[in-house]
Amino acid sequence: MNSHLWGNYLLEHKYLTAKELYDAMYEDKDNHELSLPVIAIYEEALTAVEVNRIEKYCEENFKDFRTAVLDLGYFNEDSLNLLLHQEYPSYLHLAQELIDKKTIDYKLFQDIMVNYHSDTEMFNEQHEDEIDETISSLLASSLGQSQSIMMYKDYFCLYMKLLFQQLADTVDSDYTPLPPMECPEYPSAVLVSQKGTFDDDSYFYSALAMEEDDSIRFANCFAANLGMEPFNEYNEYVLAAIEDFLNTLNGFFAVNISNIHTKEFSIDPPQDLSYKFYAPTERNFLLPIVFSFGTINFILSIQE
């Protein structure tokens with residue numbers, strides 16, 4: 001989750017005011033490293049009470065926090081180095097700024113993280129149930145009558161789960177898949193396609209298609225979740241964002257297929273087929289997915 005989304009969580013739960021959030025988010029944090037206390041509380045390696053106790057020890061003994069935790073036996077060198085050399089979510093920099101500004105203290109930060117993790121786990125469980133229900137309805141539709149779908153049912157279910165989860169994680173969690181339909185041909189506006197091949201030479205094409213205005217909004221949601229600048233018009237950067245989404249999805253699928261089913265799955269580079277008549281020889285299914293900003297069409301072209 002990026003800083004903007006976590007900031008919205010703080011506002012929704014009234015942990016701070018809009019002005020406090022704005023001041024912290026737009027502070028220059030280019031050289032703002034995460035402190036050991038923030039990391040330790042985030043990792044549940046220290047409690048807020050312990051952090052305050054250690055800071056008092058530091059003041060009384062003129063020591064830095066790292067030296068103090070080693071002296072007091074909270075960590076050894078190896079465990080401390082492991083803690084300090086991990087990748088952490090970008091929103092922790094916002095948490096660090098809020099603590100440095102004394103907008104929140106360590107105790108409140110600890111409480112926020114406990115509640116946030118609990119809320120997120122509850123949301124994920126609910127969302128997982130919704131995904132399973134959607135996939136079941138898809139399989140009960142005409143899509144489930146495809147011989148290839150039935151033959152590779154487990155792979156298809158995995159792929160659709162990854163699609164829905166990636167949409168929620170990197171675009172917007174508020175979306176509605178509509179019933180799928182067969183689509184022998186598609187007069188595309190913006191359309192990106194990618195071929196994936198299994199080690200037995202069976203293959204399928206996946207594609208994302210949408211109107212130009214919707215493509216800008218889709219790319220902006222995707223870019224915002226990655227901390228990128230927004231797009232004001234349709235251009236090669238919007239197209240690159242859509243290609244990146246599809247390539248990432250198929251890359252995750254390849255990794256999962258290898259790890260779970262020990263089956264190889266290779267992907268070709270994404271293809272820009274915008275403003276062309278998309279009519280593969282394979283059997284095509286179109287799944288409209290409605291967001292608040294518009295509709296994207298996911299197309300699966302299956303070798304029969």
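The opening position of the sequence shown corresponds to residue 1 in UniProt numbering, with each subsequent residue numbered one higher.
Note that CB positions come from ideal geometry on N, CA and C, so glycine has one too.
How far does the beta strand (DSSP E) with I289 in it extend, from its first residue to its last?
R283 to F291
Residue environment, L46, which counts as buried when at least 16 other CB atoms sit within 10 Å:
buried
Answer yes or no: do A279 and P177 have a C-beta to C-beta separation smaller than 8 Å?
no
I need the straight-line Cα distance from P288 to C157, nearest angstrom please.
17 Å
From the DSSP output, read off the bridge partner residues of I242.
Looking at the DSSP assignment, I242 forms no beta bridge with any residue, so it has no partner.
Taking the C-alpha atoms as reference points, what is the distance between N297 and D200?
28 Å
For P37 and D244, I'd like the C-alpha separation in whole angstroms.
36 Å
Through-space distance from L246 to D28, alpha-carbon basis
Residue placement at D28 is poorly supported in this model, since its pLDDT is 46, which falls under 50; the coordinates are not used for a value here.
Which residue marks the beginning of the beta strand (DSSP E) containing Y175, and which one marks its end?
Y175 to P177
Exposed unless 16 or more other CB atoms sit within 10 angstroms - verdict on G73:
exposed
Can you tell me whether H93 is buried or exposed, with buried defined as 16 or more other CB within 10 angstroms of its CB?
buried
Helix, strand or coil: how does DSSP classify residue 316 here?
The structure shown does not extend to residue 316, since the chain spans only 1 to 304, so no value can be given for it.
Can you list, in chain order, the residues of its chain with a C-beta nearer than 6 Å to that of I135? Leave out the 5 residues immediately preceding and following it.
C157 and M160
Return the CA-CA distance between K276 and S266, expressed in angstroms with no decimal places.
25 Å
Can you tell me the Cα-Cα spacing of D30 and E97, whole angstroms?
With a pLDDT of 46 at D30, under the threshold of 50, the modelled position of that residue is not reliable, and no figure is offered here.
Exposed or buried, which one is G227 when buried takes at least 16 other CB atoms within 10 Å?
exposed
Per DSSP, which residues does G227 bridge with? Please list them.
G227 pairs with nothing; no bridge assigned.
Taking F198 and K263 to be in contact with their CB atoms under 8 Å, please state how far apart those CB atoms are, rounded to whole angstroms.
6 Å
So, at 7 Å on beta carbons, what are the nonlocal neighbours of R217 in its own chain, with the 5 sequence-adjacent residues on each side left out?
F293 and G294
Backbone secondary structure at Q86 - three-state DSSP:
coil
Assigned secondary structure, E33 (DSSP; H/G/I helix, E/B strand, else coil):
coil
If you count every other CB in all the chains shown that lies within 10 Å of the CB of V290, and 16 or more means buried, which is it?
exposed
Do three or more CB pairs link the segment 5–19 to the segment 96–114 at distances below 8 Å?
yes
Spell out the partners DSSP gives I299 in its beta bridges.
A207 and L286
Beta-bridge partners of T197, as assigned by DSSP
Y203 and S266
Any idea which residues DSSP pairs D272 with across the strands?
V192
Below 8 Å on the Cβ atoms is my contact criterion, and I expect A168 with L191 to pass it. Report the Cβ-Cβ distance as a whole number of Å.
In fact, because the Cβ distance is near 23 Å, the residues do not count as touching under 8 Å.
Which value, in whole angstroms, describes the spacing of the CA atoms of I257 and Q166?
16 Å
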